[in-house]
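Residue numbers (our numbering): 4 to 145.
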């Protein structure tokens with residue numbers, strides 16, 4: 004019986020240590036209150052052909068960001084969910100068309116004029132999961 008108590012204590016202590024230290028999670032965290040700030044490097048219009056479809060993203064720091072899949076005529080608004088200097092993750096709120104509602108769009112800054120676009124289903128962890136589609140977009144304005 005004493006061995007069982009000792010094992011339970013060790014398990015609980017280890018669990019508390021992992022939780023207390025954040026479990027080593029290095030994922031981007033929202034900044035400030037409400038939606039995270041959009042880094043200035045992402046502001047502007049980004050376009051490109053990824054997996055045979057044409058995409059356009061208009062990113063604005065004032066929360067008026069939009070997404071378009073020009074190939075299948077989808078539009079939506081974007082809500083920032085996490086950011087850091089070289090990464091911006093946003094939730095898609097579908098406006099019209101046959102695209103994924105509440106999908107997660109991640110833009111990774113590659114250079115001043117190029118980002119890597121990744122699209123995740125709403126139930127996928129975008130920090131560790133495999134994207135549904137992925138490819139480069141070029142800055143066309145901003």
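Using N, Cα and C, we set each Cβ at its ideal position, and we do this for glycine too.
Quick caveat, the model's predicted, so the values are computed rather than measured.
Measuring straight from C-alpha to C-alpha, what distance separates residue 87 and residue 57? Counting from 1 along the chain shown, the entry for residue 87 is found at position 84. Counting from 1 along the chain shown, the entry for residue 57 is found at position 54. Cα-Cα distance, rounded: 26 angstroms.
Between which two residues does the beta strand (DSSP E) harbouring residue 120 extend? Reading the chain shown from its first residue, position 117 is the one you call residue 120. Taken as a continuous stretch (DSSP letters only), the beta strand (DSSP E) holding residue 120 covers 117-123.
Would you say residue 136 and residue 91 are within 9 angstroms of each other, going by their C-beta atoms? Working through the chain shown from its first residue, we reach residue 136 at position 133. Working through the chain shown from its first residue, we reach residue 91 at position 88. It is not a contact, given that the beta carbons lie outside the stated cut-off.
Taking the beta strand (DSSP E) that residue 92 falls in, what are its first and last residues? Start at 1 with the first residue of the chain shown, and residue 92 comes out as number 89. Taken as a continuous stretch (DSSP letters only), the beta strand (DSSP E) holding residue 92 covers 90-99.
Figure out for me which residue from 44, 132, 89 and 85 has the closest Cα to the Cα of residue 146. In the structure as shown, the chain begins at 4 and stops at 145. Residue 146 is therefore absent and cannot be evaluated.
Can we say the stretch 97-117 touches the stretch 125-133, given the rule of at least three CB pairs closer than 8 angstroms? yes
Spatial neighbours of residue 200 in its chain, beta-carbon cut-off 8 angstroms, leaving aside the 5 residues before and after: The requested residue 200 is not part of the displayed model; the chain covers only 4 to 145.
By how many angstroms is the C-alpha of residue 73 removed from the C-alpha of residue 53? The count along the chain shown starts at 1 and reaches residue 53 at position 50. The count along the chain shown starts at 1 and reaches residue 73 at position 70. In a straight line, the C-alpha of residue 53 is about 11 angstroms away from that of residue 73.
Which residues mark the beginning and the end of the beta strand (DSSP E) in which residue 58 is found? For this step, residue 58 is matched to residue 55 along the chain shown. That run of the beta strand (DSSP E) goes 56-62.
Suppose you measure from the CA of residue 55 to the CA of residue 115; what does that come to, to the nearest Å? Along the chain shown, one-based indexing puts residue 55 at 52. Along the chain shown, one-based indexing puts residue 115 at 112. Looking at the two C-alpha atoms, the distance is approximately 24 angstroms.
Where residue 133 and residue 121 are concerned, what is the direct C-alpha to C-alpha distance, given to the nearest angstrom? As a first step, residue 133 must be located in the chain shown, where it is residue number 130. As a first step, residue 121 must be located in the chain shown, where it is residue number 118. Taking the straight line joining both Cα atoms gives about 9 angstroms.
Beta strand (DSSP E) segment containing residue 107, residue limits: In the chain shown, counting from the first residue as 1, residue 107 sits at position 104. Segment 107-114, the beta strand (DSSP E) holding residue 107.
Residue 36 (DSSP reduced to helix, strand or coil): Taking the chain shown and counting its residues from 1, the one referred to as residue 36 is at position 33. Below a pLDDT of 50, predicted positions are generally treated as unreliable, and residue 36, at 40, falls in that range; the measurement from the model is reported next regardless. Correct three-state label for residue 36: coil.
For residue 129, the nearest candidate out of 98, 85, 79 and 39 (CA to CA): For this step, residue 129 is matched to residue 126 along the chain shown. If we check each option's Cα against that of residue 129, 85 comes out closest.
With DSSP as the reference, please indicate the residues paired to residue 3 in a beta bridge. A query on residue 3 cannot be resolved here, the shown segment of the chain reaching from 4 to 145 and no further.
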